[in-house]
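A.B. asks: Heads up, the sequence shown is in my numbering, so the first residue is 541 and it goes up one at a time.
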Amino acid sequence: MNLPYNAFPLDQDPYDVRGFPHRLYIGGQWLPSSDGGLIEVTDPSSGAVIAAVPDATLEDAAAAVEAAAKAAKGWRETAPRKRSEILRRCFELMVERSETLAMLISLENGKALRDARGEVAYAAEFFRWNAEEAVRITGEFGTAPSGANRIVVDYQPIGICVLITPWNFPAAMATRKIAPALAAGCTVILKPASETPLTAYALAALYSDAGVPDGVVNVLTTSTPGPLTSAMLADPRVRKLSFTGSTGIGRALLAEAAKHVISCSMELGGNAPFIVFDDADLDAALDGAMIAKMRNAGEACTAANRIYVQSGIHDAFADGLAQRMAALKIGAGTKADTECGPMITKKAVDKIDRLVKDAVSRGAKVLCGGSVPEGDGFFYPPTVLSEVSPDADMAHEEIFGPVAPITRFESEAQAILHANNTEYGLAAYLYTRDVARGMRVAAEIEAGMIGLNRGLMSDPAAPFGGVKQSGLGREGGQHHGIAEFMEAKYIAVTF
Ligand code: NAP
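1. N836 by DSSP, collapsed to three states: which one?
2. Let me check you understand the geometry: is the CB of W615 closer than 7 Å to at least one non-hydrogen atom of the ligand NAP?
3. Helix, strand or coil: which one does DSSP assign to P732?
4. Would you tell me roughly how many angstroms separate the C-alpha atoms of A829 and S786, rounded to the nearest one?
5. Would A1001 be called buried (16 or more neighbouring beta carbons within 10 Å of its own) or exposed?
6. Nearest chain B C-beta to T787 closer than 8 Å, yes or no?
7. May I ask whether a heavy atom of the ligand NAP can be found less than 7 Å away from the beta carbon of S573?
8. Which value, in whole angstroms, describes the spacing of the CA atoms of V928 and I946?
9. Given L992, which residues of its chain have a CB within under 7 Å of its CB, disregarding the five upstream and five downstream residues?
10. Give me, in chain order, the residues of the same chain whose beta-carbon lies closer than 7 Å to that of A596; leave out the 5 immediate sequence neighbours on both sides.
11. What residue range does the alpha helix (DSSP H) around D859 cover?
12. Below 8 Å between beta carbons: does that hold for V589 and L578?
13. On the DSSP letters alone, give me the boundaries of the beta strand (DSSP E) that L925 sits inside.
14. Using the C-alpha atoms, what's the distance from R690 back to Y1043?
15. Cα separation between D898 and G725?
16. CB of T784 to nearest heavy atom of the ligand NAP: below 7 Å?
17. For the ligand NAP, I want to know if N960 counts as a neighbour, meaning its beta carbon is within less than 7 Å of at least one of the ligand's heavy atoms.
18. Using DSSP with H/G/I as helix, E/B as strand and the rest coil, what is S573?
19. DSSP has C630 in a bridge; who is on the other side?
20. Going by the DSSP bridge assignment, what does R690 pair with across the sheet?
21. Drop a sphere of 10 angstroms on the beta-carbon of R777, count the other beta-carbons inside from all chains shown, and report buried for 16 or more, exposed for fewer.
22. Is T947 near the ligand NAP, going by C-beta to nearest heavy atom under 7 Å?
23. Would you tell me roughly how many angstroms separate the C-alpha atoms of N845 and I831, rounded to the nearest one?
24. Nearer than 7 Å: is that true of the beta carbon of G978 relative to any heavy atom of the ligand NAP?
25. Give me, in chain order, the residues of the same chain whose beta-carbon lies closer than 7 Å to that of D916; leave out the 5 immediate sequence neighbours on both sides.
26. Does T715 pass the burial test, meaning 16 or more other C-beta atoms within 10 Å, or should it be called exposed?
27. Output the distance between the C-alpha atoms of S624 and A1023, rounded to the nearest integer angstrom.
28. Tell me which residues share the same chain as T874 and place their Cβ nearer than 8 Å to its Cβ, disregarding the 5 neighbours each side in the sequence.
29. Spatial neighbours of P561 within its chain, please: CB distance less than 6 Å, with the 5 preceding and 5 following residues excluded, ordered by chain position.
30. Restricting to runs no shorter than 3 residues, where is the beta strand (DSSP E) found entirely within the stretch 592–652?
31. Is DSSP giving Y969 helix, strand or coil here?
32. Is there contact here, the stretch 924–943 with the stretch 795–808, by at least three beta-carbon pairs under 8 Å?
33. Which residue's Cα is closest to the Cα of D821: R973, K610, F1035 and A719?
34. Could you tell me which of Y920, A607, G790 and G903 sits nearest to A866, measuring between CA atoms?
35. Here's the rule: buried if 16 or more other CB atoms are within 10 angstroms of the residue's CB, otherwise exposed. What is F1025?
36. Can you tell me whether I1031 is buried or exposed? The criterion is at least 16 other CB atoms within 10 Å of its CB, across all chains shown.
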């Protein structure tokens, strides 16, 4: 299906999504919801409604499972090389359409265009990486210890997968699941976040153009994700739930999946510590902090949520960070010079405001930013707080915004205690010139991913995921991501 991908700027009619597909994508068809219901999509930089997408019903969800089931046999029997080539074509089309996709992400999510471009490049890489992995899925063969038989282990696609994704990376969180699922030979139903459905639908059109057969990927949006997910999980043909989102919803979905003993992968919330030791390279630590804190304006699960700085370097680091944060240009994400876009909703701004006020009431000093600006849109300014109490609410909750809370520490042991004082365990960052110390502290920190002298660790070639309440399973990496969508079948052979 060829779509007018150069259709920007958008028409003024809020329900005209400027040539982008915006209907349920089921069995290769673009459909309205069975009861005609709609969900409005908002531009967070203005608060204006920019589009409406179908609000899927239980009937639509059943149709999506049916379509995925109908396509399952053909796809699992498609030669790995052919699957690989289709995934490679998805990568190439994403690269070709990257500027338009980035604009669409900026528009509905609000993130600065430079972040959206980075996201599209990252999202596309999951297709390239999994195109390469699709032809390298191997099994095992050995002799049983008794010598009586051979042990053959075959890895098979797990079955129909329900994929649920958040709004903060509308392209990458979808491709991080879809690409390995398709490489493994599974068919899927994607339920993107209600705030950012347009990117998911634009990508669905791209998969179709790349040659993904009808029914292999189905996409539906709904304002009632709980009942629809429960209904899909209750269908015995659905064998996998892969969820990225908040820990609270993840817990509820694990309980729901337990009713049917469905395999779950959970990429949940984070509360990343960013630790700067006295011997760190100050400029490198500041560069890293700006990336770890401000990529996506702080709306990232891996965002530095607590910054611990050793006494000797504390003041220079805090001053440097405040200077850099105060200089960032705030504006609509779609504007070329914007460095910090709006938050996703007013609710998100209200939460950040509450957390900042709580920290200040417990003694934090505001070095820059710190209050909600007047005007349209859901903006919060880049903010640096120092002397933040370890008891402040923001030390225990995801800020999910452009607020950098600094807490001073004295010893390595104290830094480790601070870092691990959270129910989360997704990412952590360490800055030190002493690599032995870096590796020692990395070993002690309870997190699935560590950036040692790096503010960014996401890479399709590396296993992404958390420990503790940050999740179960891994996405990306050599075999890890695909393994989540496969099941081992053991065959005992005598010959
Ligand atoms: P969320 O509220 O948990 O929503 C995530 C997705 O779940 C959305 O598609 C949402 O649909 C859907 N959902 C909500 N309630 C549901 C239910 N009862 N049953 C089934 N699906 C349901 O999270 P969010 O606010 O979109 O995203 C932010 C969170 O995601 C943060 O906690 C962040 O740390 C986490 N995150 C984690 C990773 C990671 O890799 N670990 C990556 C990115 C984000 P609606 O939009 O329709 O509500």
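Just so you know, even glycine gets a beta-carbon here, dropped at the ideal spot from N, CA and C. For clarity, every value in this text was computed on a predicted model and none was experimentally measured.
C.D. replies: To lay it out plainly:
1. In the three-state scheme derived from DSSP, where H, G and I count as helix and E and B as strand, N836 is classed as helix.
2. no
3. coil
4. 23 Å
5. exposed
6. Absent from the structure: chain B. Only one protein chain is present.
7. no
8. 6 Å
9. L970, G978 and A982
10. L564, S573, L760, T761, T762 and L768
11. S851 to A866
12. no
13. From DSSP, the beta strand (DSSP E) with L925 extends over T923 to S926.
14. Examination of residue 1043 is not possible in this model, given that the chain is present from 541 through 1035 alone.
15. 49 Å
16. Relative to the ligand NAP, the beta carbon of T784 is positioned inside 7 Å of a heavy atom.
17. no
18. Note: S573 maps to coil in three-state DSSP.
19. Per the DSSP secondary-structure output, C630 pairs with nothing in a beta bridge.
20. For R690, which the question treats as bridged, DSSP gives the partners T683 and V1033.
21. exposed
22. no
23. Using only the alpha carbons, I get a separation of about 12 Å.
24. Answer for G978: no, Cβ out of range of the ligand NAP.
25. S586 and G587
26. Counting Cβ neighbours within 10 Å, T715 comes out buried, since at least 16 surround it.
27. 16 Å
28. Only S585, M643, S646, L647 and L653 meet the Cβ criterion.
29. W570, Y741 and A745
30. Those beta strand (DSSP E) runs which fall completely within the stretch 592–652 and span 3+ residues do not exist here.
31. In the three-state DSSP reduction, Y969 falls in the strand class (E or B).
32. no
33. R973
34. Here the closest residue by C-alpha is Y920.
35. buried
36. exposed
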